[in-house]
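Counted from 1, the sequence shown has number 222 at position 222 by the UniProt record's numbering; the numbering is strictly sequential. The structure appears below as structure tokens.
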Amino acid sequence: MPLAIAIDSDTIVQALKILEPYTKGARAWFEDSDEAWVKGTLIQRTDDEAVGVGRLVFVRDDTVASTTAQIIAKTASPPPPAARVLASATSSDSPQSATSAGTPDTPLRSAIASRHRKPSVRAAATPDELKRIVARGSRLTGGRISSMQRVDDSYVIDISFAELAEPGADAELLPPLCNPPILDCTPDLTTLSYLHEPAVLYNLRRRYEQRLIYTYSGVVLVAMNPFDPVPVYSPEYMARYARKEPGHEEPHLFAIAENAYKGMVSDQRDQTIIVYGESGSGKTTSAKYIMRYFAQAHHADTNDKQMSTVESQILATNPVFESFGNAKTTRNDNSSRFGKFLDIKFERGLRQKIVGGRIRTFLLERSRVAYQPPTERNYHIFYQLLAGAPDDLRSELRLDGEFASWQAFHYTRQGGDGTIAGVNDAEDFTVTDASLGMVGIGREQRSAIWRTLSGILHLGNVTFSGTETTGSYVDSPAEAEFAIAASLLGVEEHRLRQWLTKRQI
């Protein structure tokens, strides 16, 4: 049953601005419109708001145009706040001129007066009248609002939605989509009576408001990044999911990991977990906790309380890959700039312990080493090295004196801010250095890595000049730093100069 959702003229203008790429001229149509109103279908109803799929309708002379949008109507006491329209349009109808025999020029009060008749008239309202309509105190029937109230200066009256609906095929285009209240905040989206995008978004938002960041959609786990620490990854949480059947606990990464582990043990077949999402959605953190679950969860109820060396090494790869492959972007302070495939090997038999692993990386964003957009950073390892290297290492790497901070290097200052709120780069360098040692990279090899990183930083400060006739050459002020870079990289200075200034055919 269609629902007339109150919306004022200012909000319609705001909605058109948001939806302008989709409406193909609806904004211009509205500005020259005689009347405008909203109708739609209810999706969800709470004490504070009604969520629906609605249609903005514009009337000019004898023609009608409309465009569809997702709408949230507030149901507070009058005067009602303006409804707000979500930025993502579900679909759009470009304004089309169509002569209408029954132009909606009947005022709203006429529709109220004829409420006992069949809904054969088009109920229209001016923006001023629309401001005074709210969905307030309405009855719920089968999970749907079946009536609403009109608030006026002198009286309150129930209005049937049918009286505010435009007759014809449009009503069939907006089917009843409201889920019953018992399914509010359901842990599995597939249990919704009506499964569509607005209902999914509403359910995810309701769960997120309760700090429930995980929701099932069948066998898929939907994870919402809270961008804030949540206490749901402790050993106690692991124990809750270890050796449990799916569905016994709230949705969680650990349940997905446990299900894959059981499938491997019972079926003796390889299992795959795919972590997929937009940048900043939490893929790196999710993969890290899945690895930790495999390494730690099944020690809790056995005599073997300690992780093996292999398990410790696999976990130690996380800080290494984050330092060398992650960077701050506009959307994520710890964004992975590469893809990763992790293959964990378990022994056969009763114990099913981790006995090995293989990690493959691909699609590293190499251009970030030389260029970072505004507000972004280079890879974390450069800032960790500059912040956490001990004094003797700084002297060896020529990262002391005027070269002691990230502001001193072109490759670390382009974004304008070399720090991240809540992140201690000096401490992270200590963790990275220890993790490299844990995975088998010795002190001499680590020293070579630090020298290479420092050489890259110094080389980034070198500037070049030249023309097609004279060729390229290192600018005189940069000669000293060019020599430092060549020394740190272990390359003869004249050879490095030749590689960087002479064209090879």
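Think of the CB as a built atom: it goes at the ideal place given N, C-alpha and C, for glycine as much as any other residue. Small disclaimer: the values here were computed from a predicted structure and weren't measured.
- Looking at Val474, Arg269, Asp270 and Ser286, the one whose alpha-carbon comes closest to that of Tyr276 is Ser286.
- Around the C-beta of Ile256, 16 or more other C-beta atoms lie within 10 Å, and the residue is accordingly described as buried.
- Annotated three-state conformation of Tyr473 is strand, per DSSP.
- In the DSSP assignment, Ile354 falls within the unbroken beta strand (DSSP E) covering Ile354 to Phe362.
- Between the stretch 421 to 441 and the stretch 355 to 366, the count of C-beta pairs closer than 8 Å stays below three; the two stretches do not touch.
- Annotation for Gly418: no beta strand (DSSP E) segment contains it, and DSSP assigns it neither H nor E.
- In terms of Cα proximity to Glu376, the closest of Leu385, Gly437, Gly339 and Thr419 is Thr419.
- Between Arg394 and Ala408, the CB-CB gap reaches or exceeds 8 Å.
- Taking a contact to require three or more Cβ pairs closer than 8 Å, the stretch 383 to 393 and the stretch 447 to 466 qualify as touching.
- DSSP links Asp188 through a beta bridge to Tyr216.
- Counted as a single uninterrupted DSSP element, the alpha helix (DSSP H) harbouring Phe482 occupies residues Glu479 to Leu489.
- A straight-line Cα-Cα distance of about 11 Å links Gly263 and Glu245.
- With fewer than 16 other Cβ atoms from the protein chains shown falling within 10 Å of its own Cβ, Gly442 counts as exposed.
- Straight-line spacing of the CA atoms in Met291 and Gln372 works out to 31 Å.
- For Pro251, the CB contacts under 7 Å within the same chain, skipping 5 residues up- and downstream, are Pro187, Tyr214, Thr215, Tyr216 and Leu221 in chain order.
- Going by DSSP, Lys328 is part of no alpha helix (DSSP H) at all; its letter is neither H nor E.
- Looking at Glu481, Gln498, Ala421 and Ile182, the one whose alpha-carbon comes closest to that of Phe227 is Ala421.
- Note that the C-beta distance between Asn378 and Arg368 is below 8 Å.
- Membership of Gly455 in the alpha helix (DSSP H) is indicated by the continuous run Arg443 to Gly460.
- When the five nearest sequence neighbours on each side are left out, the beta carbons in the same chain lying within less than 7 Å of the beta carbon of Ser281 are those of Asn225, in order along the chain.
- Between Tyr241 and Tyr261, the alpha-carbon positions lie close to 12 Å from each other.
- Per DSSP, the unbroken beta strand (DSSP E) holding Asp343 starts and ends at Gly339 to Phe346.
- In the displayed model, Phe409 falls within coil according to three-state DSSP, outside both helix and strand.
- Under DSSP, Val222 takes part in a beta bridge, and its partners are Thr215.
- Counting only residues of its own chain and dropping the five nearest sequence neighbours on each side, Gly339 has a CB closer than 6 Å to the CB of Phe362 and Leu363.
- It is roughly 59 Å from the alpha-carbon of Val474 to the alpha-carbon of Gln352.
- Ala480 counts as exposed, since fewer than 16 other C-beta atoms from the protein chains shown sit within 10 angstroms of its C-beta.
- Ser193: not part of any alpha helix (DSSP H); DSSP gives it neither H nor E.
- Considering only Gly490, Gln271 and Asn461, the residue with the shortest C-alpha distance to Pro477 is Asn461.
- In this structure Lys345 is exposed. Its beta-carbon is surrounded by fewer than 16 other beta-carbon atoms within 10 angstroms.
- Residue burial is scored here from C-beta neighbours: Lys328 has at least 16 other C-beta atoms within 10 angstroms and is therefore classed as buried.
- Phe464 is bridged by DSSP to Val474.
- In this structure, DSSP gives Ser312 a helical state, which the three-state scheme calls helix.
- Put simply, of Ala370, Arg206, Asp400 and Thr467 the residue whose alpha carbon is nearest the alpha carbon of Arg413 is Ala370.
- For Ala426, the number of other beta carbons within 10 angstroms of its own is below 16, and it is reported as exposed.
- Contact check for Asp343 and Gly357: beta-carbon distance about 6 Å, within the 8 Å limit, so the pair qualifies.
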